Amino acid sequence: PLINLKKGKRNLLERGYNLYTSSTLLDDVYDKFGEILEEIVRLGEIERSVKLLAREIEKTKRRVNALEYIIIPALEEKRRFIQFQLDEREREDFFRMKRVKSLMESKA
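Numbers -2 to 105, taken from this note's numbering, label the letters of the sequence shown in order.
Structure follows, in structure tokens:
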């Protein structure tokens, strides 16, 4: 987010004070104030960017935690269950084939 700030120095007549009744120190202060104001605006832009990044990092951390502690463990549990079911079917099929083979041998 950028803040539009008029850059450049105003000429002496646009500064809003009387040149004849003020000191030259006021001119120096005015110039320094302009420089500092530009730096403050720049720092404000940087601060806003950092806050936005921090917010996005927090969102990402929450998503990573959800994946790490909820979604991945649930998927692993489902994978183990499916693997168990497949192994169980394989054992049943093996037993069934053995039984059919022994029945066929006994009939022959």
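Heads up, the beta-carbon is just placed ideally off N, CA and C, and yes, glycines get one too. Computed from a predicted structure; not experimentally measured.
- Under the DSSP assignment, Glu65 falls outside any alpha helix (DSSP H); it carries neither an H nor an E label.
- For Ala71, the enclosing alpha helix (DSSP H) stretches over residues 69 to 104.
- Taken through DSSP and simplified to helix, strand or coil, Ser19 comes out as coil.
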